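K.L.:
Note that UniProt numbering gives residue 155 to position 155 of the sequence shown, counting from 1, and the numbers run on in steps of one.
Heads up, the beta-carbon is just placed ideally off N, CA and C, and yes, glycines get one too.
Nothing here was measured: the structure is a model prediction, and the numbers come from that model.
The structure that follows is given in the form of structure tokens.
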Amino acid sequence: MPSLCNAKRDPRHLLEEGMWSEEIELMQTALHVCEDKSGLEYAHLCNTYGHLEVERANASKGLEYLETSRKIRETLLDPMHPELANTYNNIGNAVLQEYETPEAVPRAIELYSRSVKINDAPSSAFIWHLNLSRATRLAGDYARARFHAAKSRECVDEMFEPDTHWDATTKVHLANILFDEGLIPEAEALWTSAFKAFQKTSETRAATVAVQLKLAHVTMLKGDHKQAVYVPVPVPPPPFPLFLQLPPQLNSHTKTASCSSASSQSPNFASPYSATTARSPG
């Protein structure tokens with residue numbers, strides 16, 4: 001049976017590898033066996049599971065767990081504790097994805113900015129800035145979106161090797177901004193680089209398929225529809241609706257997948273689908 005220790009250690013690896021079923025089983029078991037439903041351990045688990053549900057495009061369910069985590073942490077922790085930065089970041093993701101009202105974007109920006117204020121360490125701040133670049137892009141503030149994308153890029157270059165998950169994810173975010181600005185060749189180059197990095201891990205993981213869809217759209221814009229519909233490997237449906245991955249020109253919705261973190265000391269998984277949150281998630 002999965003242990004609470006494993007639930008604290010394994011989620012980011014499972015999610016980054018696209019092992020959604022294993023992650024769901026692990027977290028649901030851990031939540032069930034955790035006896036103290038008002039303690040920080042349970043808040044940790046709720047934060048991680050809430051993040052998972054948001055990544056699965058189930059923002060309303062994710063918010064339930066994230067709000068539980070927030071209430072416990074705000075009660076037991078100092079207002080500037082790093083774990084609260086994680087909580088506010090993940091709630092921002094849920095708010096942005098659910099997008100019930102036009103106020104969702106400024107609300108998400110406020111939550112992400114609060115995370116930066118609490119914890120600006122590069123090991124966590126690269127997630128906050130990545131999400132701020134996504135939210136400000138949705139607000140149409142491309143200059144600010146570029147600024148936060150660059151801040152995230154600085155942190156990622158410091159901590160991760162080239163052509164790894166986070167290197168590729170930051171490229172996807174910047175490419176999305178460039179695409180919205182009409183700089184299609186530049187966006188295509190970054191998406192192509194990210195696609196190759198994701199593909200090395202798995203050709204059928206959600207991150208790979210998401211960027212592949214973006215590249216297919218660019219190919220369609222060039223008029224090469226035959227190449228656009230060509231899929232070189234069998235690709236199963238991703239664990240959430242494809243509309244979450246469409247470029248703005250094809251998508252009438254503004255919902256997006258999120259970049260989330262489950263621990264202030266180490267953000268765990270980010271989704272490149274909209275643009276994807278590195279030690280023990282919490």
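For the alpha helix (DSSP H) holding P185, just list the boundary residues, first then last.
P.N.:
I184 to T201 is the span of the alpha helix (DSSP H), which, as asked, contains P185.
K.L.:
Residues in the same chain with beta-carbon distance under 6 Å from A175, minus the five sequence neighbours each way, listed in chain order, please.
P.N.:
Here the set comprises A187, L190 and W191.
K.L.:
Could you give the distance in angstroms between the alpha-carbon of P82 and the alpha-carbon of T219?
P.N.:
About 43 Å.
K.L.:
Taking the CB atoms as reference points, tell me whether I91 and R70 lie closer together than 8 Å.
P.N.:
In this structure, R70 lies closer than 8 Å to I91 by Cβ.
K.L.:
Can you name the start and end residues of the alpha helix (DSSP H) that S123 belongs to?
P.N.:
P122 to L138 is the span of the alpha helix (DSSP H), which, as asked, contains S123.
K.L.:
Report the residue from R205, T169, T204 and S21 whose alpha carbon sits nearest the alpha carbon of S193.
P.N.:
Comparing Cα-Cα distances from S193 to each of R205, T169, T204 and S21, the minimum goes to T169.
K.L.:
Are at least three pairs of beta-carbons, each pair with one atom in the segment 110-123 and one in the segment 152-165, less than 8 Å apart?
P.N.:
With a cut-off of 8 Å, the segment 152-165 and the segment 110-123 count as touching, because enough Cβ pairs lie within range.
K.L.:
Sorted by chain position, which residues of the same chain lie with C-beta nearer than 7 Å to R153's C-beta, five sequence neighbours on each side aside?
P.N.:
These residues qualify, in order along the chain: T170.
K.L.:
Once you ignore the five residues that flank G65 on each side, which residues in its own chain have a CB closer than 6 Å to its CB?
P.N.:
Looking at the sequence provided, one finds Tyr at residue 65 rather than Gly. So the qualifying residues of the chain are C46, Y49 and G50.
K.L.:
Pull up the CB-CB distance for V105 and L138, whole angstroms please, since I reckon it's below 8 Å.
P.N.:
The pair is a contact, with the Cβ atoms about 5 Å apart (cut-off 8 Å).
K.L.:
Buried or exposed: which applies to H225, given that a residue is buried once 16 or more other Cβ atoms fall within 10 Å of its Cβ?
P.N.:
Looking at its Cβ environment, which holds fewer than 16 other Cβ atoms inside 10 Å, H225 is exposed.
K.L.:
Please report the straight-line C-alpha distance between L185 and H217, rounded to a whole angstrom.
P.N.:
The residue asked about is misnamed: residue 185 is Pro in this sequence, not Leu. C-alpha separation (whole angstroms): 12 Å.
K.L.:
Just to confirm my understanding: we take C34, look at its own chain, exclude 5 residues before and 5 after, and list those with CB closer than 7 Å. What are they?
P.N.:
Only L4, E41, Y42 and L45 meet the Cβ criterion.
K.L.:
Going by the beta-carbon positions, is the gap between W128 and N93 smaller than 8 Å?
P.N.:
No, the Cβ-Cβ distance between W128 and N93 is not below 8 Å.
K.L.:
Just how far apart, CA to CA, sit L221 and A210?
P.N.:
Rounded to whole angstroms, L221 to A210 spans 17 Å at the Cα level.
K.L.:
Need the endpoints of the alpha helix (DSSP H) that F147 sits in, please.
P.N.:
From DSSP, the alpha helix (DSSP H) with F147 extends over Y142 to M159.
K.L.:
Over what stretch of residues does the alpha helix (DSSP H) that includes E64 continue unbroken?
P.N.:
Unbroken alpha helix (DSSP H) run through E64: A59 to L76.
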